[in-house]
Every structure is written in C-alpha cells, then in structure tokens.
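Structure record follows, encoded as structure tokens.
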Amino acid sequence: MLQLDNAVLIGRGLHRECYLHPADSRLCVKIVVAGNSDENRREARYYSRLAARGISWDMLARFHGLVNTSLGEGAVFDLIRDGDGSVSRPLAGYLESAELSDANSGLLRLALPALRDYLLDNRVVTMTLKSKNILLQKSTGGVGRLVLVDNVGNSDFIPLSHYIGWLGRRKILRKWRRFENDLRAQYLRNEVLKEILSPGQAR
Numbered sequence: 008m009l010q011l012d013n014a015v016l017i018g019r020g021l022h023r024e025c026y027l028h029p030a031d032s033r034l035c036v037k038i039v040v041a042g043n044s045d046e047n048r049r050e051a052r053y054y055s056r057l058a059a060r061g062i063s064w065d066m067l068a069r070f071h072g073l074v075n076t077s078l079g080e081g082a083v084f085d086l087i088r089d090g091d092g093s094v095s096r097p098l099a100g101y102l103e104s105a106e107l108s109d110a111n112s113g114l115l116r117l118a119l120p121a122l123r124d125y126l127l128d129n130r131v132v133t134m135t136l137k138s139k140n141i142l143l144q145k146s147t148g149g150v151g152r153l154v155l156v157d158n159v160g161n162s163d164f165i166p167l168s169h170y171i172g173w174l175g176r177r178k179i180l181r182k183w184r185r186f187e188n189d190l191r192a193q194y195l196r197n198e199v200l201k202e203i204l205s206p207g208q209a210r
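In terms of our numbering, the sequence shown opens at residue 8 and continues consecutively.
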C-alpha cells in the first residue's frame, strides 16, 4: 500500500487530489475526494481501449493502473514535468496572465492546434475539455506541447464513438468547438488567445 499525505500533495480539483508517487518521481497518484471510485473504473476501461489501439501518448498522460493507498484507491498516471524538472503548469495559468501569455505566445500558437490535431488523429474522446486539465509542458530548448491530464473518456450509455471512427471524430470536434467557445468567454481580454482562435483556425 502506498502511503500518501500532504507532504506529497501536488494539487486539488473538485473531485480528485493529485499526489507525487512516493516511490517514483515520474508518476503521480490521483485520489477521489468527492464521489466514488466509478470515475477511476471508467477511466481505466477507456485507457485500456486506447492502449489496445496503440495510440501515441505524446499529448496524453499515460495511465499506469489502479493502486491501494492510505487514502483509498488511487489512479496512477505520468507526472508531466518541464525540461527543468518542475511540474508543468496548467494552460489556465498561462491564459489568466497577460504577461505569461505574451511571453509564451509562440508556444501557444502552435500548441493549441497541435492538441486538436492529436485528439483527432488518435481518436481520444474527452468528457469535457478544460484549460485547468491541460498542461503546457515546456522543454529546455524553448519548445512546448500541451498534455491532457484529466477528464478523458466517454460517458455515453452506448459509446458508438469507440468503434466508429467518423463518429468519434465528430464527437471530438464538437467538444473542441465547445472548448474554444469556453476559452473565448473565460479569457475575454486575452489578446494572444483571440489571435489563436480567430476564424480560419478550424481543421
């Protein structure tokens, strides 16, 4: 059993807390704090489907299974770090700050369309797309990419998009357009984001 406490707490969300894996600094452990373990089970099933399809994990935190911890059942994922070893920051943090957006405008202009294309090419369906669940991973060479770390999967009663490629693509595009609209509404005054999401950016 893994022992977890506040000393290794990385962050908190509405439903889960994220802890540094005590035995492997490359991993993190997510613990459900609001709700039940159904979320972990649903995710585990969906990640198994993705692994069976042999997708690229370049922009999605890889799932490593469920474990018992001192705080209950935990879901183990890659811990996304920047080139300097620090834990990568959420996209939300960059968009909330005009200074950070301007300083990283080149990365963001490339990274947002690249994430959209990644989701479509690998048919990765999400529950919802939120800027707080996407990390901007920056390398030491000045390049970066967005990595999705939460809310992956499909809650449809009959998940046809798992099996029919064009349905999956259509669902992903619909979620992405909603994500863009949410970004526009939430970060209304972010000039860098306005440029990135200008007409003609859709694939």
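Just so you know, even glycine gets a beta-carbon here, dropped at the ideal spot from N, CA and C.
Original post:
Under the DSSP definition of a beta bridge, which residues are partnered with LEU16?
Top reply: TYR26
Original post:
Taking Cβ positions, are SER112 and VAL199 nearer each other than 8 Å?
Top reply: yes
Subject >> Closest by C-alpha distance to LEU102, when choosing among ALA121, ALA68, LYS139 and GLN10 >> reply: LYS139
Subject >> Same chain only: Cβ atoms within 7 Å of MET66, ignoring 5 sequence neighbours per side >> reply: LEU122, TYR125, ARG152, LEU153, VAL154 and LEU155
Original post:
Should the stretch 72 to 84 be regarded as contacting the stretch 127 to 142, the criterion being three or more beta carbon pairs within less than 8 Å?
Top reply: no
Subject >> Buried or exposed by the 16-neighbour rule on C-beta atoms within 10 Å, applied to ARG6 >> reply: There is no way to answer for residue 6, as the model of the chain reaches only from 8 to 210.
Original post:
Which one or two residues does DSSP pair with LEU142 in a beta bridge?
Top reply: Listed as beta-bridge partners of LEU142 by DSSP are PRO97 and VAL154.
Original post:
DSSP three-state call for ARG181: helix, strand or coil?
Top reply: helix
Subject >> DSSP state of ARG88 mapped onto helix, strand, coil >> reply: strand
**OP:** Measure the beta-carbon distance from HIS71 to LEU16 and round it to whole angstroms, keeping in mind my assumption that it falls under 8 Å.
**Re:** HIS71 to LEU16, Cβ: 19 Å. No contact.
Original post:
Are the CB atoms of ILE203 and ARG116 nearer to each other than 8 Å?
Top reply: For ILE203 and ARG116, yes; Cβs fall inside 8 Å.
Original post:
If you follow the beta strand (DSSP E) that LEU34 is part of, which residue opens it and which one closes it?
Top reply: 34 to 39
Original post:
Which value, in whole angstroms, describes the spacing of the CA atoms of HIS22 and LEU98?
Top reply: 19 Å
Subject >> Beta-carbon separation (whole angstroms), THR147 vs ASP91, contact threshold 8 Å >> reply: So it is a contact: roughly 6 Å between Cβ atoms.
**OP:** Name the one or two DSSP bridge partners that LEU67 has.
**Re:** LEU155
Original post:
What's the C-alpha gap between SER63 and LEU127?
Top reply: Spanning the two alpha carbons is a distance of roughly 12 Å.
Original post:
Sorted by chain position, which residues of the same chain lie with C-beta nearer than 8 Å to ASN158's C-beta, five sequence neighbours on each side aside?
Top reply: THR133, MET134, THR135, LEU136, LYS137 and ASN140, listed in sequence order.
Subject >> Contact check, GLU50 vs ILE38, beta carbons under 8 Å >> reply: no
**OP:** Within its chain, find whatever has a CB closer than 8 Å to the CB of LEU11; leave out the 5 residues flanking it on each side and keep chain order.
**Re:** TYR26, PRO29, VAL36, ILE38, THR76, SER77, LEU78 and GLY81
Original post:
Going by C-alpha distance, which of SER32, ASP31 and ASN161 is nearest ASP45?
Top reply: ASN161
**OP:** Check whether the Cβ atoms of ASN4 and SER108 sit closer than 8 Å, and answer yes or no.
**Re:** Residue 4 falls outside the range modelled here, since the chain spans only 8 to 210, and no answer is possible.
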